[in-house]
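At position 569 of the sequence shown the residue is numbered 960 (the numbering used here), and the sequence of numbers has no breaks. Everything below concerns the one structure shown next.
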Amino acid sequence: MAGGAVEPGRVVEALELLLGRPAGPGPDGAALRLEALRGNAAALEERLRGEPGWAALRGLRDAALGRFPALAAGLEDEAEPGWAAACAVLALLLCLKERLTALSAVPAAPAAAPGAAPPPAADTLSAAQDRALRRALRAAVGLGLAPYLPPGVGRLPGLPAPTPRSGARLRAATAALLELSRHPALAAPLLAQHLGPLLAALCLLGHGPAAHCEGLSEAERAQSREALQHILDRVYQPLAVRELLVLQGGPKQSHPAGEETKPALARSPAWLRRLCGQLLSERLMRPHGLQAVVRGIMEGTGGGTDAEAAAVDWRKCDVVAKILASCPQQCLSMEDYYKHVCPQILDLMHIQDKLTARQFQRVATTTLLTMAKEHPQLAEKHLLQPLLTPLLRCSDAAEIAEDDLSAGTVLVTEAELSSCVEDVFKVYVVGNDSSSLLLRSLQSVLGVVFSLYSFAKQNVSYLRSPCQEVLLWFLEKSERETSLSVLEGCVGLASSVHHLHPRCRFCVGSEGGAAITVEEPIRDEDEALYQKVSLEQCHVESLVELLSHCQQSGLAGDFFIHCLKALTHVAAEDEVVAGCGTVAGRSLLELEEHCTGQRRKLLVLQLVATLCESVSDTVFTNIAQVEEFVAATLQRACVGLARGHGAAVEAQTLSMAMGLVAAMLGGAVQLKSGDFAVLKRLLPLLEEVSCTHPDPVIQELAADLRIAICTHGAFSTETVDTAAESVLGKRLGPGRTGAGTGPCQSPGAGGTLPQHSHGCSRPLAPREGEEQSVHEPSATGPTAAPSTGSLAPAQLQELLLSAYDPQVPVRAAALRSLSSLIMQRDPEALQIQEKILQVFLENVQHEDSFVYLSAIQGVALLSSEYPEQILPVLLARYGHPAQGTEETAAAVTRMKLGEVLMRATRALGDMVIKHREPLIHAFLRGARDPDSALRASSLSNLGELCQRLGFQLGSIIHEVSSCLTAITKTDPEAEVRRAAVHVVVLLLRGLSEKATEVLQDVLRDLYRLLKHVVAAEPDSTAVLHAQLALQELDTAVRSVLFPPQVLEKKIVVLP
């Protein structure tokens, strides 16, 4: 064949000669002019005929034109220079395609040398040739295709109206371009840059009206339809979607007069809109078609700023979601559409590309919520259930196959569980749609989510935060009754949620997450009971931690009141059970019910105790909650009084509850008429207490409170004022005329209710039979804040006497008042500091935590203010306990004194160096005590002291090292060995990078000790501490051996 010797470069040179070399700086160069094209075509023809090297190209072009006679006829048409130029360009492009096809069959040449890059293929174009090719394709489409498209069918604005012969020319140009698209080197630039006009031509030829397809047979129209489907299937699908959307055009738009408008999409004919809608639906129903549609609509295929802008444009995301939620007409049924699309919607949430993940996740979340609103049943079946499958699979409501219950089976992998929790967070919390369907579906797995939150709280896992957010979102969006029921269900008091399957357990994942595995059933009953009790305790603590985030909404207060009411029911049930006698003679079912009831009672008691210790004083946010709390307290007291015992136990609680009411009436909050209507609900209970309680003081207070509430605070007795002062901790102003004149605002106006400590407020009046000096305190008693001036000796003496009061709140309040006097350096108190120290030390031995912690705080304040006088006394008592006390009590007292010493050490700061040796020797002696708890406590104190001393350890580090080595290797108790290894951790952590300098004499011994613990220690916690210490040591040594390189500029002045 004549064209066998034509190189692709010769064809590209002919194209450049025909179109002219670009003269502009851009890639397109100067715009094409018809006169210039006519001159260039004549010059090309002259070269093809005259020069011998171009004869082969002329023969190749004639052969190509022979296969496309319409192009050959157009090449000779001088009346239409634009069409003639288009035919010439298309003919040369067909020649290039033929030569590239022939060259692609040539085997690739081997590499020039071993290991060298192989030479390019024979049909590879250079960069300059590729630019010329793209320019030629642009000319072919612009001259041979775009001018002959009718208006609204991919036609560019500003072009002249198509001629009557446009149909034949459009068929010829489209056929030539389709032929070019068969070769990859030509198809890539053609379909990437000119897909829109090509699709418009194929739509017109295959599906257009007959007026635009005159002379076209049905077989040719069928070929055009097949070519259209072939092109759409082979191109990048988001690009196809975007071009079809552009081809479909926009709706009619109206703009107000005078408003600047942006260019809108051209209005397409009805047949084209229907066709594009059908083609878009087909793209959507393909595998991974939904992602392609989203990418095409969001225009984020390139990432970067486009993706960020699309993520911000939430309106566009919502529009896409509505499109995806509507079923196309071509789909057989809504069920089939959801079955096909919903898995792809869930896959959108797992896009790894950070640039496009935000927009994809928003579209997926909005689509899911839209589907849930429009078709809730289908959305629940095909979206929510697959979304929650990992959590549903391991709940106690799931039917797990027997094969999956074998020990060690991984029921839910770490990746699957992490992905599920993150998806739940995105859909429910980020989506923030509180519809009944979403709340109901989430409640079905809320028990498992809470168990995972409790597990993550006890370990280090990134799942803790999303689980907490999901739980808080549900509690906030649900009805209050539902939230309270779910909170009960989380700790096992109700069956409102499904918990983790009894055979399933969470285990720590390697990537910081968690996995769910099946464990072997525990056959040891004691071990099983221990595991159950530990799990319940962990759940209670996690629930209280969760409630600490719900105080502003009032949920924590409502739940606390709910638990108090349950506690009242427990007391009433105990009375009924006590009246029924023993459990002997009952059936197994009755015994099981009795055990379940006892377990519930214990849980209620444990929950109330934990809430009282952990929930802050601002748990109540409105008057109604305080009223319910007081009502529950009074009701519980009435139940106790009806049983004939427990009045002494309820006295402190009653004092605190009625003191709150007195404080509100005394001006703590600004009460309104509606608030008094709420308080009037307490009248029947107050009347019952005033009639049945054995304590006349409480009777009098209850009666006076009834009068104050009924008169809306217009009448207030001295008893009510005293109770209010007890709670508020200050004297009421003499000008107070009623509850409505208080200086504080109500909670609704931004204020807070009076703070209190449950069960620990000062009693209102003395008990019968107590000493006169104790039960007649002045207005500036232990709960009153110290004044700015010095206290009178009589008042100080009253504080000292109150520190020995048998009632815990009075004693603790007196101790805290003495501590406040020490902190303010009261002259009267400083004169008797030895006596105050003795009072504190005696109260340190008290069994109530509120008392001995207050005493510890007071001793620590004295020690920090007067270390020279106080520390020797404390060290003597720490080393030699008081004679005549039991060993256990003596050990507990010494541990409390150790806490005092550590608080004093923290307060002294750098001044602790002066007392270094006596403190370290005291703790070293404590580390040899027979009591294991005291040994562990002494080592803990020693570790914190060494951490604070740092460089000031000195030569005493040898004694510390020897003690730690001996205890770690010989002590029989695991907790003591843990404490010893933890001392090394604290020591290395405190010294940080200077550990190699300060510990240079004992560093090798400590390293060998840690390696010994890792290799031979049976206790896993001690091994963990040793590994942490080795990490600290490794960090310190590396910082010395490989110091960081710092680039510094130095100016040196030469002599």
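Note that the Cβ used here is the ideal one computed from N, Cα and C, for glycine as well. Small disclaimer: the values here were computed from a predicted structure and weren't measured.
Three-state class that DSSP yields for residue i in the structure shown
| i | result |
| --- | --- |
| residue 604 | coil |
| residue 1292 | helix |
| residue 1445 | coil |
| residue 1223 | coil |
| residue 455 | helix |
| residue 801 | strand |
| residue 1235 | helix |
| residue 1389 | helix |
| residue 904 | coil |
| residue 1424 | helix |
| residue 894 | coil |
| residue 599 | coil |
| residue 640 | strand |
Reference residue i; option with closest CA among the options
| i | options | result |
| --- | --- | --- |
| residue 1210 | 1199, 1194 and 1198 | 1194 |
| residue 587 | 998, 543 and 833 | 543 |
| residue 516 | 1375, 401 and 909 | 401 |
| residue 809 | 854, 841 and 1259 | 854 |
| residue 1070 | 1088, 1045 and 1103 | 1103 |
| residue 949 | 891, 871 and 1378 | 871 |
| residue 1250 | 1295, 833 and 1408 | 1295 |
| residue 1405 | 1379, 1372, 1389 and 1030 | 1372 |
| residue 709 | 753, 442, 894 and 790 | 753 |
| residue 883 | 683, 737, 929 and 830 | 929 |
| residue 565 | 534, 1379, 1288 and 1232 | 534 |
| residue 774 | 795, 818 and 801 | 818 |
| residue 791 | 732, 894, 1320 and 741 | 894 |
| residue 1248 | 461, 1259, 1263 and 1203 | 1203 |
Rounded separation between residue i and residue j - CA only
| i | j | result |
| --- | --- | --- |
| residue 1368 | residue 1359 | 5 Å |
| residue 1132 | residue 1075 | Model confidence at residue 1132 stands at a pLDDT of 34, short of 50, so the residue's coordinates are unreliable; what they give is reported in the following sentence. If I take the Cα positions, the gap works out to 27 Å. |
| residue 436 | residue 560 | 22 Å |
| residue 409 | residue 480 | 8 Å |
| residue 678 | residue 571 | 28 Å |
| residue 877 | residue 885 | 8 Å |
| residue 1028 | residue 1266 | 46 Å |
| residue 838 | residue 889 | 5 Å |
| residue 944 | residue 1186 | 43 Å |
| residue 348 | residue 1243 | In the structure as shown, the chain starts at 392 and stops at 1446, and residue 348 therefore has no counterpart that could be examined. |
| residue 857 | residue 835 | 17 Å |
| residue 1290 | residue 940 | 30 Å |
| residue 373 | residue 1400 | Residue 373 lies beyond the residue range present for the chain, which begins at 392 and ends at 1446; the question has no answer from this structure. |
| residue 404 | residue 488 | 15 Å |
| residue 1084 | residue 953 | 24 Å |
| residue 455 | residue 764 | 60 Å |
| residue 1365 | residue 1353 | 19 Å |
| residue 1433 | residue 931 | 48 Å |
| residue 821 | residue 1398 | 49 Å |
| residue 537 | residue 594 | 14 Å |
| residue 1062 | residue 1109 | 20 Å |
| residue 579 | residue 762 | 38 Å |
| residue 748 | residue 824 | 21 Å |
Cβ-Cβ distance between residue i and residue j below 7 Å
| i | j | result |
| --- | --- | --- |
| residue 955 | residue 1023 | yes |
| residue 465 | residue 486 | no |
| residue 686 | residue 629 | yes |
| residue 1077 | residue 1093 | yes |
| residue 590 | residue 634 | yes |
| residue 1347 | residue 1304 | no |
| residue 1252 | residue 1268 | no |
| residue 1486 | residue 597 | For residue 1486 there is no data in the structure shown, the boundaries of the chain being 392 and 1446. |
| residue 473 | residue 425 | yes |
| residue 1048 | residue 1088 | no |
| residue 668 | residue 805 | no |
If we require 3 or more residues per run, which beta strand (DSSP E) segments fall completely within the region 740–787? none
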